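Colleague:
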Ligand SMILES: [Fe+2]
Ligand SMILES: [Fe+2]
Ligand SMILES: [Fe+2]
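In my numbering, the protein residues as written are 1 to 293.
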């Protein structure tokens, strides 16, 4: 199991938000390192722990009249529903099958929640943090490019029909043609996966997922060559982010192949995974390249 420990990139700068997020991230990391019995015992309390944390966060949203609140709260509710559903299989296998099978289901569930939570912090909680900063009059800590890019999460990229495709727009363009062309191609490939005709066809998904994995790896290699050409100071960190994104992709696809997550869950993951790569990680790189031109 791979766990991303708490790191500065997860901070929103809002103490109330970071405290709760940090303690949960550390809790998941401890559970992933724990023995089977400890993990199994902890599963039952996870929904309540997440619920308590989300409730606090939702109070913060109410307090600042946050306009993305309903979308954000629906993500929270979705995770709680997913935990409840996964708990049914953990509990069922604990009572009927071998202890080893329930332990592995518990481990998969914890790892799933930990990964979901990491994405959630980097996308929706980051945006909430920005809104809270603005309300409190705290100077925004994000660089300009990142601020603009985060605005993307406010636009209805996902329409009301819960269609998870991503509408490419200039808001997603970073201004470096070679990077934008790749990002656009990746988005189009992702959209084929997320399309209503494909998402429920397990027979159609594997070649497209394979293609997305290969295209992403090729894109990362191109970006890394570009960083080297530009003597980009953040190359090591950015390269590590690429490696982590590819690991996360591989794990999610493995989970889908093993029927641990549904196609809908896998597509939800790919949605935030792709946007996080484009609108969070690549912004400082593009800003740096543009500044040198
Ligand atoms: Fe949240
Ligand atoms: Fe990229
Ligand atoms: Fe990148």
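Think of the CB as a built atom: it goes at the ideal place given N, C-alpha and C, for glycine as much as any other residue. This one's a predicted model, so the numbers in the text were calculated from it and none came from an experiment.
Does at least one heavy atom of ligand 1 sit under 7 Å from the Cβ of residue 248?
Modeller: Checking the Cβ of residue 248 against ligand 1 gives no.
Colleague: Would you mind giving the Cβ-Cβ distance between residue 194 and residue 168, rounded to the nearest angstrom? I have them listed as a contact below 8 Å.
Modeller: Between residue 168 and residue 194 the Cβ distance is about 13 Å, and since that is not below 8 Å, they are no contact.
Colleague: From residue 86 to residue 28, what does the alpha carbon distance come to, in whole angstroms?
Modeller: Looking at the two C-alpha atoms, the distance is approximately 16 Å.
Colleague: Three Cβ pairs or more, each shorter than 8 Å: is that satisfied between the stretch 184-194 and the stretch 264-283?
Modeller: With a cut-off of 8 Å, the stretch 264-283 and the stretch 184-194 count as touching, because enough Cβ pairs lie within range.
Colleague: Report yes if the C-beta of residue 124 is less than 7 Å from at least one heavy atom of ligand 1; otherwise report no.
Modeller: Residue 124: yes, Cβ under 7 Å from ligand 1.
Colleague: Note down the Cα distance separating residue 122 from residue 37, rounded to an integer number of angstroms.
Modeller: C-alpha separation (whole angstroms): 31 Å.
Colleague: Give the C-beta separation of residue 13 and residue 133 to the nearest angstrom, bearing in mind that I take them to be a contact with Cβ-Cβ under 8 Å.
Modeller: 6 Å between Cβ atoms; contact.
Colleague: Expressed to the nearest angstrom, what Euclidean distance is found between the alpha-carbon atoms of residue 19 and residue 206?
Modeller: The alpha-carbon atoms of residue 19 and residue 206 are separated by roughly 39 Å.
Colleague: I'd like to know whether the C-beta atoms of residue 191 and residue 166 end up nearer to each other than 8 Å.
Modeller: Result yes, Cβ atoms of residue 191 and residue 166 sit closer than 8 Å.
Colleague: I'd like to check one pair, residue 71 with residue 61: are the Cβ atoms closer than 8 Å?
Modeller: Going by C-beta atoms, residue 61 is not nearer than 8 Å to residue 71.
Colleague: For a test of your reading of the model: does the CB of residue 76 fall under 7 Å from any non-hydrogen atom of ligand 1? Yes or no.
Modeller: Yes, the Cβ of residue 76 comes within 7 Å of a heavy atom of ligand 1.
Colleague: Taking 7 Å as the cut-off, is the CB of residue 223 close to at least one heavy atom of ligand 2?
Modeller: The answer is yes for residue 223.
Colleague: Does the Cβ of residue 223 have 16 or more other Cβ atoms within 10 Å, making it buried, or fewer, making it exposed?
Modeller: Residue 223 is buried by the Cβ-count criterion.
Colleague: In chain order, which continuous runs of the alpha helix (DSSP H) of length 4 or greater are located wholly inside the stretch 16-65?
Modeller: Qualifying alpha helix (DSSP H) stretches, in chain order: 36-64.
Colleague: According to DSSP, simplified to helix, strand and coil, what is residue 182?
Modeller: Residue state, collapsed to three classes: helix.
Colleague: Using alpha carbons as the reference points, say which of 267, 74, 211 and 69 lies closest to residue 127.
Modeller: Of the listed residues, the one whose Cα sits closest to residue 127 is 69.
Colleague: Does the distance from the CB of residue 107 to the CB of residue 202 come in under 8 Å?
Modeller: Taking 8 Å as the Cβ cut-off, residue 107 and residue 202 do not qualify as a contacting pair.
Colleague: Can you tell me the Cα-Cα spacing of residue 234 and residue 225, whole angstroms?
Modeller: Cα-Cα distance, rounded: 13 Å.
Colleague: Closer than 7 Å: is that where the CB of residue 238 sits relative to any heavy atom of ligand 2?
Modeller: The answer is no for residue 238.
Colleague: Over what stretch of residues does the alpha helix (DSSP H) that includes residue 198 continue unbroken?
Modeller: Its alpha helix (DSSP H) spans residues 196-199.
Colleague: Of the choices 21, 129 and 182, whose alpha-carbon is the least far from that of residue 116?
Modeller: Cα-wise, what sits closest to residue 116 is 21.
Colleague: Using only the alpha-carbon positions, how far apart do residue 288 and residue 102 sit?
Modeller: Using only the alpha carbons, I get a separation of about 49 Å.
Colleague: Quick one: Cα of residue 129 to Cα of residue 17, how far?
Modeller: Spanning the two alpha carbons is a distance of roughly 8 Å.
Colleague: Looking at ligand 1, does it come within less than 7 Å of residue 57, judged from the CB to the closest heavy atom?
Modeller: Result yes, Cβ under 7 Å from ligand 1.
Colleague: From residue 5 to residue 238, what does the alpha carbon distance come to, in whole angstroms?
Modeller: Taking the straight line joining both Cα atoms gives about 17 Å.
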